[in-house]
Each structure stands twice: as C-alpha cells, then as structure tokens.
Amino acid sequence: MLLAESVIETTAPTQLISMQLVGNDRPGIVRDITRLLAGQGVNVEHLITDVPLRP
428 MLLAESVIET
438 TAPTQLISMQ
448 LVGNDRPGIV
458 RDITRLLAGQ
468 GVNVEHLITD
478 VPLRP
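The sequence shown begins at 428 in the numbering used here and counts up by one.
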C-alpha cells in the first residue's frame, strides 16, 4: 500500500526592508543583532559590515 499526502504551505507575504545600524564595534555585536532579528522572525539575506579607521 502506498499513501501520499499533499501539503500546501501558506506563508505570510514577504516584505523586503533595508536597515542601516551604526554603533560602537565590540565582539559579538553582529551575533546579538541577528539573534534579536531572528527572534522576531526576520531573515537576514544580505549583510555588509564595516569598521572605518579613526583619523
């Protein structure tokens, strides 16, 4: 006997946003921010980080 089940997933509409965060660099800052976003159901698809040199 072969049983098959059809599953149709319904997902919330996708909303693309762009964020720019500025703050003091420290170990774990990216991990902390992405953990906070993930806790809100946000997926990070593209990330650029930069630490400018001080004059």
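Beta carbons are placed, not taken as given, at the ideal position from N, Cα and C, and that holds for glycine.
Since the model is a prediction, treat every value here as computed from it, not as a measurement.
Three-state secondary structure (DSSP) at residue i?
{"i": "aspartate 477", "result": "coil"}
{"i": "threonine 461", "result": "helix"}
{"i": "glycine 468", "result": "coil"}
{"i": "isoleucine 444", "result": "coil"}
Apart from the five residues just before and just after residue i, which ones in its own chain have a Cβ nearer than 7 Å to its Cβ?
{"i": "leucine 464", "result": "Val471"}
Given residue i, which residues of its chain have a CB within under 8 Å of its CB, disregarding the five upstream and five downstream residues?
{"i": "isoleucine 460", "result": "Leu448"}
{"i": "serine 445", "result": "none"}
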